[in-house]
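First up is the structure itself, then whatever we jot down about it.
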Amino acid sequence: MFGREFYIDPSRCIGCKACENACAECGTHRGASMIHVDYLDRPASIATVPTVCMHCEDPTCAEVCPADAIKQTEDGVVHTSLKPRCIACSNCVLACPFGVPKMMTRIEQMMKCDMCFDRTSEGKKPMCATVCPSQALAFVTPEEIGHRREQPVNIFHFGNQTVTTKVFMMTPPEVDVIDVDVVDFMWEEVS
Amino acid sequence: MAKLPQPIDQLEHQFGPHLAYAPPGGWQESGTGPADRLVKTHCCFCGQQCGIKLKVRDNRVIGFEPWEEFPFNRGMLCPKGVRRYLQGNHPDRLLHPLVRGEGGFRAASWDEALDLVARRLGEIGERHGRDAVAVYGGASLTIEKAYLLGKFARVALRTRHIDYNGRLCMVSAGTAYKLAFGVDRCPNPWSDIPKAQVLLVLGANIAECAPITTDYVWRCRDAGGKLIVADPRMTPITRNADLYLPVRPGTDLALLMGMLHVVLRDGLERRDFIERHTTGFDDVAASVKAFDPRRAAAMTGVPPEAIEKAAHWFAKAERAIALHARGIEHQSKGVENCLAVINLALATGQIGREGAGCNMITGQGNGQGGREHGQKCDQLPGQRSIEDPAARRHVAAVWGVEPDEIPRAGLSAVEIMNAIHRGEIKGLLSICFNPLVSLPETAFVREALERLEFFGVIDFFLSETAQHADVVLAGSLQEEDEGIVTTAEGRAVHIRKAVEPPGEARVDWQIICDLGRRLGQEQKFSYTSPRDIFEELRRATTGGVADYAGMTYEKIDREMGVFWPCPTEDHPGTPRLFEGGRFFHADGKARFIVTEYRESGDPLDQQFPVFLTTGRVVSQYLSGTQTRRIGPLVDQYPEPRIEIHPLLAAEHGIADGDWVTIATRRGELTLQAMVVKTIRPDTVFVPYHWAGEKSINRLTHRTLDPRSKIPEFKVSACRIRRADHPPAWANASRVRLPVVGAG
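Heads up: the protein sequence lines correspond to chains L and E, in order.
If you read the first sequence in my numbering, its first letter stands for residue 1, the second for the next number, and so on.
If you read the second sequence in my numbering, its first letter stands for residue 1001, the second for the next number, and so on.
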């Protein structure tokens, strides 16, 4: 268990949704999945991508929460909102740069992936990364991930915001930062 | 008469398919409580047979846990495996026998139902001859059940007609491998896949039909391996293909012969291997002379340069593996296609080594084991030929009958249905088979079923086929019985019993034994457990090709599965076949076999100018008897859609989501369009898991491969048009089906 990290490699994803189905079976939020799989553009391609929480070092969702309902534990995991505090305002849903938190309107609470805290705290792997048949979602040691073609990156530039995450995204070997916004590619003289 | 006993809507109201969404007790109640125990077993669905732990409480399966120690899948599962537990405790579950009466099915006692089945099948045999009765089996049955069913047909019913739904699966590959290698099993364990430098995937939608194999393929690429994918559709694994060959449906043989042409033209064959370990090379070499890349390209629609590149990569690699599945096998030249893969592997010496070989990906749960032990029309246990006098003597001695009493080879699955339609076969007992969804040309199948004088079914749900039965015997789900299945790798694994059958339902092997006793063979069907049957099976397979003599349940548990042949208890099993170039024919050599190109049995013409090909989606399994009853899997892909390339769609003014009528020489069907650039513009695709007005097998044709007798599901001629109006079911199906256990 010790030393294992969470890695996402969309290029391995086959869109089977084993992760979504397995997430919905998990102990703390049974029946509802906290993660999702999307086609990027089904008319043009079979490419799919899984989305789980990236567990940011400085989580935007928690920063924008007016009720202080989103907590990060020492291991870096960012948790689902605390039910007694969450006011269902959806600030986190709108602010998250990765589109992760979901407002469960039926119970008026934001819920999100907590990296299977109940499982990882017992030395198990998160459910989605255990079942994923293509290992697009993997919970392994840095040494094990080192055998792959792609390499892990956990720094993202969203224009003026730099986000460092606990979860790694696998990218082509020469990429060490993921630039998302056109601003990231622009140059302006700083006076 | 096997017409429906009551209107279809009444049957569906009573027997489903209904959708289960939550464990027993629902999410909020007892369903979320802890398990009494975790049962290490395997998935009930495909030939990968992933290890899984079932959570059990109060004799109910309430969920699953990954089984990370099982070496094949190491905890990985596809969505079907994750949700499989929802088939248990299902409201559609048959809890007692059913007998057809005036107003429909009625509950019956076991004695009444068993007496009726035995008496009616016995009477038909006496009046019309033993071969007027047939038995259908299935490749989801454990090897104990498959063995028992073969013995039951030949010893109790004394008919030669027993065959199984594996006839729709990998029989083309099995036939080819037996011809060329003398054995029907994939040669390499899956652990060889990541060690190959080149993977050639032919007609295999690995990501959706054998999802766990994806990880092996990706690990091969991680190690620097190249991936070649040949398919008319870009299936999900194509996203990482180093070379994609968009082969025209039904022309795989030309592609493979073209590749062998290039290998020989460029002197890339391994002469020493060919000379030492094979026969028949010269004739095959001569047969591919005409298939130069340009001609092969014209036939297949694959660029000549790509054919050359694929041939070069495969031949020049130190280690290359070919993986093939139904795409090349579901054709009227399915055996030739597989032989052509074998010829390519033999010519390049890519076989019998770690990371080198040609391999079929067997589709069904016990697709491998289920075909070895006697429910196949031409085989006796141990993969023995039923026409081999020595095999007949051996098995007759185990069964306690005279060799002459064992019937000769019978008809294959589709041929049995044809004989029923002709009125020659009048009585049928079926288990684990849903031909009304899975066989081609549904209208013909329905007509045939309606002509049966007596139709008995053993099943746990009332499948579309079982709706036509005179008697339905309530059998067992996989998790309600114990036994062995043999995976796509040739690895025998242990299915552990997790729960008892509910209500009055019984385990299948006891039902078959009960029928055997009623047919006057008490002594030969007096088993006390599946282990008891397995012990007899070990003796029956001793010395056979598929030799299980050295296996025990304990050994299989201890070693996390055992690969056959395993002739003695101290034998380690045989993960890899043909090492050192030793094949299973008497002379130890493999056979090159000439393949002859021919047209599909349903050729394109001006009336029907488009190819129709069929297959699967990841969230459904085969005829859907189980998976169409599992809510989350149904939601993932609720009904069949027709995949159409935008170029073809534009010709007909079809937009994504439009209703499209597709017609073949058998009839027509209206489905919603999915306009995608991931399929050849001359081809449309429809998945086949659905029944009635959503069943694409209403449109497929009954042409068989002459040797394997597999239907040509992968190539039909069709035409499409924008539909005048949606089908009647379009509105009905949007009314949500009754939901079970929502919490």
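We treat Cβ as the ideally placed atom computed from N, Cα and C, and that holds for glycine.
These figures come from a predicted structure and were not determined experimentally.
Residue i burial status per 10 Å Cβ neighbour count (16 or more: buried)
i	result
residue 1724 of chain E	exposed
residue 1714 of chain E	buried
residue 1139 of chain E	buried
residue 1018 of chain E	buried
residue 1705 of chain E	buried
residue 1734 of chain E	Low local confidence applies: a pLDDT of 48 at residue 1734 of chain E is under 50, so the model's placement there is unreliable, with the coordinate-based value given in what follows. Residue 1734 of chain E should be labelled exposed.
residue 161 of chain L	exposed
residue 1 of chain L	Residue placement at residue 1 of chain L is poorly supported in this model, since its pLDDT is 44, which falls under 50; the coordinates still yield a value, given next. Label assigned to residue 1 of chain L: exposed.
residue 1602 of chain E	buried
residue 185 of chain L	exposed
residue 94 of chain L	exposed
residue 1731 of chain E	exposed
residue 43 of chain L	exposed
residue 187 of chain L	exposed
residue 1236 of chain E	buried
residue 135 of chain L	buried
residue 1014 of chain E	exposed
Reference residue i; option with closest CA among the options
i	options	result
residue 1540 of chain E	E/1144, E/1228, E/1159, E/1084	E/1144
residue 1319 of chain E	E/1374, E/1195, E/1132, E/1721	E/1195
residue 1708 of chain E	E/1347, E/1266, E/1653, E/1332	E/1332
residue 1459 of chain E	E/1452, E/1178, E/1468	E/1468
residue 174 of chain L	L/147, L/153, L/186	L/153
residue 1727 of chain E	E/1695, E/1350, E/1712	E/1695
residue 196 of chain L	L/159, L/99, L/58	Residue 196 of chain L is absent from the structure shown; chain L starts at 1 and stops at 191.
residue 61 of chain L	L/111, L/10, L/129, L/18	L/111
residue 1159 of chain E	E/1284, E/1283, E/1411, E/1235	E/1411
residue 1745 of chain E	E/1256, E/1636, E/1048, E/1070	Limits of chain E in this structure are 1001 at one end and 1743 at the other, which puts residue 1745 of chain E out of reach.
residue 1693 of chain E	E/1685, E/1314, E/1670, E/1677	E/1670
residue 1409 of chain E	E/1397, E/1392, E/1686	E/1392
residue 1200 of chain E	E/1325, E/1369, E/1584, E/1640	E/1325
residue 1435 of chain E	E/1592, E/1167, E/1618, E/1343	E/1167
residue 1687 of chain E	E/1625, E/1657, E/1617	E/1617
residue 1292 of chain E	E/1323, E/1281, E/1253, E/1074	E/1253
residue 1640 of chain E	E/1653, E/1661, E/1650	E/1661
residue 1241 of chain E	E/1538, E/1217, E/1264, E/1367	E/1217
residue 1651 of chain E	E/1637, E/1632, E/1164, E/1609	E/1609
residue 984 of chain E	E/1095, E/1079, E/1010, E/1011	Chain E is shown from 1001 up to 1743; residue 984 of chain E falls before or after that span and cannot be answered.
residue 1396 of chain E	E/1413, E/1477, E/1374	E/1374
Reduced DSSP secondary structure (H/G/I, E/B, other) of residue i
i	result
residue 1042 of chain E	strand
residue 1456 of chain E	strand
residue 1294 of chain E	helix
residue 1478 of chain E	helix
residue 1659 of chain E	strand
residue 110 of chain L	strand
residue 1615 of chain E	strand
residue 1553 of chain E	helix
residue 1048 of chain E	coil
residue 1494 of chain E	strand
residue 6 of chain L	strand
residue 192 of chain L	The question about residue 192 of chain L has no answer, for chain L in this structure spans 1 to 191.
residue 1073 of chain E	coil
residue 1279 of chain E	strand
Chain-ordered neighbours of residue i on chain A, where CB pairs are closer than 9 Å
i	result
residue 1076 of chain E	No chain A is part of this structure, whose protein chains are labelled L and E.
Next item on the list: Please list the segments of the beta strand (DSSP E) lying wholly inside the segment 1310-1390 of chain E, counting only runs of 3 or more residues, in order along the chain.
Entry: Given a length threshold of 3 residues, each whole run of the beta strand (DSSP E) inside the segment 1310-1390 of chain E is given here in chain order: 1320-1324, 1357-1360.
Margin query: Can you pull out the residues from the segment 2-21 of chain L whose beta carbon lies closer than 7 Å to at least one beta carbon of chain E?
Written below: Only those residues of the segment 2-21 of chain L whose C-beta falls short of 7 Å from the nearest C-beta of chain E are listed: 11, 12, 14, 15, 16, 17, 18, 21.
Next item on the list: Scan the segment 1216-1269 of chain E and note each continuous alpha helix (DSSP H) run of 4 residues or more that stays entirely inside, going in chain order.
Entry: List check, alpha helix (DSSP H) in window: 1252-1265.
Notebook entry, point to check: Can you give, in chain order, each stretch of the beta strand (DSSP E) that sits fully within the segment 156-187 of chain L and has at least 3 residues?
Noted result: Runs of the beta strand (DSSP E) spanning 3 or more residues and lying entirely within the segment 156-187 of chain L occur at 161-171, in chain order.
Note to self: Restricting to runs no shorter than 3 residues, where is the beta strand (DSSP E) found entirely within the segment 1661-1710 of chain E?
What the structure shows: Counting only runs of 3 or more residues that sit fully inside the segment 1661-1710 of chain E, the beta strand (DSSP E) segments are 1667-1675, 1683-1687, in chain order.
Checklist line | chain L contacts from the segment 1595-1621 of chain E (Cβ-Cβ distance under 8 Å) | finding: Listed by position along the chain: 1618, 1619.
Note to self: Can you pull out the residues from the segment 1472-1493 of chain E whose beta carbon lies closer than 9 Å to at least one beta carbon of chain L?
What the structure shows: Residues passing the 9 Å Cβ filter: none.
Check: Which ranges does the alpha helix (DSSP H) cover as unbroken runs of at least 4 residues, wholly within the segment 1163-1223 of chain E, from first to last along the chain?
Finding: Under the rule that a run must span 4 or more residues, the alpha helix (DSSP H) segments found entirely inside the segment 1163-1223 of chain E read 1171-1181, 1206-1209, 1213-1222.
Check: Just by C-beta distance, which residues in the segment 1221-1240 of chain E are closer than 9 Å to chain L?
Finding: Close to chain L, meaning a Cβ-Cβ distance shorter than 9 Å, are the following residues of the segment 1221-1240 of chain E: 1221, 1222, 1223, 1224, 1233, 1234, 1235, 1236, 1237, 1238, 1239, 1240.
Next item on the list: Run through the segment 1567-1652 of chain E for me and flag every whole beta strand (DSSP E) of 3 or more residues, listed as ranges in chain order.
Entry: Restricted to the segment 1567-1652 of chain E, the beta strand (DSSP E) segments that are unbroken, complete and at least 3 residues in length are 1610-1615, 1641-1644, listed in chain order.
Checklist line | Cβ-based contacts, 7 Å cut-off: residues of the segment 1647-1677 of chain E near chain L | finding: Residues of the segment 1647-1677 of chain E with a Cβ closer than 7 Å to any Cβ of chain L, in chain order: 1656, 1675, 1676, 1677.
Checklist line | Residues in the segment 1209-1221 of chain E having any Cβ partner in chain L nearer than 7 Å | finding: Residues passing the 7 Å Cβ filter: 1211, 1212, 1214, 1215, 1218, 1221.
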